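See structure below.
In the UniProt record's numbering, the protein residues as written are 1 to 312.
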């Protein structure tokens, strides 16, 4: 199981996920009496893969955007990263958890629809490395969500444990609420938000989500990513958007236009009237139009972005 929690404060909610090899999440709420309660969501769209063995650190270091060694050396409990293709485009977004024990072990959390693809990708580069790659065993770990403070805590636990028993004053909730929370704050997750082989990591706000190291050694897809970062020019970004009405499934990937008909980006995914779009920053404050639709789209700047985001 996998749980996610956010504390009160700057819009903080307890988000808790339990991944049966999938997941669940909890967010903080208040009852009519003012008492704090936690709402737990089953997130079956996420799953876990275990990588362990003496070469785990050096193996993953060449495949992910972030530095793996703070995890394998016990200085961190969780880290966010992307796996890229050789062209520098995102293949998979992952959260990595360190596991205590005699042998170096980590858990990789990924979109459940690409679990087999992630395992195949890892095995292609395994070569003679002393690592073992397998679906997640029944393990437990607490960790702060490494992407953004507003996403709170994540807990990986034994799938046989009732997540409602792990956190007091908790109750079950619908997974749609978890996704709505993500879309409202502009945090991407999974293949719909980050289409494999299409999404670019810097446009996907990987820097803002602490998902990349520019001081580590080489990894697959590094060249384009590093070059873009050092030029300081990112013209488009994934942003939370509000639509004038519920989007259709066919609207995913649709082009965004300005009122003058200029291309302003693409809509990625959403839930109802909220969603994520890749928006040209030059048009981020304008009301945009979803191509081949009567819907208008208004982007907003997430509060968790750094204040100097234009320079990132």
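C-beta atoms are modelled at their ideal positions from N, C-alpha and C, and glycine is treated no differently.
Bear in mind that the values here come from a model prediction, so they are computed numbers and not experimental data.
| query | result |
| --- | --- |
| Buried versus exposed, by CB contacts within 10 Å (16 or more), residue 221 | buried |
| Proximity below 9 Å, CB of residue 175 to CB of residue 276 | no |
| Helix, strand or coil at residue 284 [DSSP, three-state] | coil |
| The beta strand (DSSP E) enclosing residue 80, as first and last residue numbers | 78-84 |
| For residue 180, three-class secondary structure by DSSP | helix |
| Start-to-end residues for the alpha helix (DSSP H) that takes in residue 230 | 222-231 |
| For residue 243, three-class secondary structure by DSSP | strand |
| In chain order, each alpha helix (DSSP H) run of at least 4 residues that lies wholly inside the stretch 52-124 | 56-61 and 69-72 |
| Sequence-distant residues of its chain with Cβ nearer than 6 Å to residue 103 (five each side left out) | 52 |
| Residue closest to residue 129, alpha-carbon to alpha-carbon, out of 245, 57 and 246 | 57 |
| Euclidean distance between Cα positions of residue 150 and residue 306 | 13 Å |
| Extent of the continuous beta strand (DSSP E) run through residue 159 | Note, residue 159: premise wrong, no beta strand (DSSP E); not H, not E. |
| Inter-stretch contact at 8 Å, needing at least 3 Cβ pairs: the stretch 265-281 / the stretch 236-243 | yes |
| Spatially closest choice to residue 123 from 298, 66, 60 and 69, by CA coordinates | 60 |
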